[in-house]
Amino acid sequence: MSHDPKRLRHFIESLAGLLDQHPDEATLLDRGHNLLASLVAQDDWLPEELAQPDPQRYQQYLLHCDSRQRFSVVSFVWGPGQRTPVHDHRVWGLIGMLRGAELSQGFSRTAGGALQPHGAPVRLAPGQVEAVSPRIGDIHQVSNAYADQVSISIHVYGGNIGAVKRAVYAEDGSEKPFISGYSNTRLPNIWDLSKENPAP
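In the numbering used here, the protein residues as written are 2 to 201.
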């Protein structure tokens, strides 16, 4: 499948412009939601090498990191039945579904500090977007909604998420610190305009 980098490039430029305005978080998530929804409304832009599942665990491919690390854009590729542990982010985040579907189960703390599921799982279908942040709810577990096919979601975070110190959680609420890193060692070149504007 060929891919069109203009969509991702436009999203990155638009989000950077939004951040330049220093909006409050509620405004950022609202306007960022619309930008990400426009990106995931079309499935013709993600490079195939950054859409590959792994049979052992879900993949987190870095698509772009802002030069000031104000945000990062990541493709999450879920093999059949794969899921995360219960975890947090510690920065704002937007999740947009590109292919397949995923389930996100939020968690809240009991009076004793343990974690319990909070509300019903949210199912994201292609084109839909969900937000997370420490302010609105940041602890969840995500899984591929399908046991027999790959799903892909596009995540945008308010920092370089592969370098953020955050945590996975045991059922009793105890934390284990981790830094997720990325599955890829090279970034896609979406800035080469020569192929879109060939010389006469």
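Beta carbons are placed, not taken as given, at the ideal position from N, Cα and C, and that holds for glycine.
Opening and closing residue of the beta strand (DSSP E) in which residue 153 lies: Boundaries of the beta strand (DSSP E) around residue 153: 152 to 158.
Using 8 Å as the cut-off, can you tell me whether the stretch 77 to 86 makes contact with the stretch 111 to 124, which would need three or more C-beta pairs spanning the two stretches below that distance? Because the criterion of three Cβ pairs below 8 Å is not met, the stretch 77 to 86 and the stretch 111 to 124 do not touch.
Cβ neighbour criterion (16 or more within 10 Å) applied to residue 77: Here residue 77 is buried, its C-beta having at least 16 other C-beta atoms within 10 Å.
Sequence-distant residues of its chain with Cβ nearer than 8 Å to residue 44 (five each side left out): A distance below 8 Å between beta-carbons, with the five flanking residues on each side excluded, links residue 44 to the following residues of its chain, in chain order: 99, 100, 127.
For a test of the three-state rule: what should DSSP assign to residue 145, helix, strand or coil? DSSP, reduced to helix, strand and coil, places residue 145 within a strand of the structure shown.
Could you check where the beta strand (DSSP E) with residue 103 kicks off and where it finishes? Where residue 103 is concerned, the enclosing beta strand (DSSP E) stretches over 103 to 110.
In chain order, which beta strand (DSSP E) runs of at least 3 residues are fully inside the stretch 37 to 109? Runs found: 60 to 66, 73 to 79, 94 to 100.
Taking a contact to mean a Cβ-Cβ separation below 9 Å, would you say residue 111 touches residue 174 in this structure? Using a Cβ distance threshold of 9 Å, residue 111 and residue 174 count as a contacting pair.
Local conformation of residue 188 per DSSP, three classes: Three-state result, residue 188: coil.
Go ahead and pull the three-state DSSP assignment for residue 6. Three-state result, residue 6: helix.
CB residue 104 to CB residue 39, shorter than 9 Å? Between residue 104 and residue 39, the C-beta gap is not smaller than 9 Å, which leaves the two residues out of contact.
Just to confirm, are residue 88 and residue 179 a CB contact at a threshold of 9 Å? At a Cβ-Cβ threshold of 9 Å, residue 88 and residue 179 count as neighbours.
To the nearest angstrom, how far is it from the Cα of residue 107 to the Cα of residue 139? Going by the C-alpha atoms only, they are around 8 Å apart.
Compute the Euclidean distance between the alpha carbons of residue 41 and residue 56, then round it to the nearest angstrom. Computed Cα separation, rounded: 25 Å.
Report the three-state DSSP secondary structure of residue 136 (helix, strand or coil). In the displayed model, residue 136 falls within coil according to three-state DSSP, outside both helix and strand.
Indicate whether residue 30 and residue 134 have their beta-carbon atoms separated by less than 9 Å. Against a cut-off of 9 Å, the Cβ pair of residue 134 and residue 30 comes out as a contact.
Residue from 21, 154, 48, 32 whose Cα sits closest to the Cα of residue 188: Closest option to residue 188, judged by alpha-carbon separation, among 21, 154, 48, 32: 48.
Whole-angstrom distance between residue 93 and residue 158, CA atom to CA atom: C-alpha separation (whole angstroms): 6 Å.
Let me check one thing: in DSSP terms, what residues is residue 124 bridge-paired to? Paired residue(s): 104.
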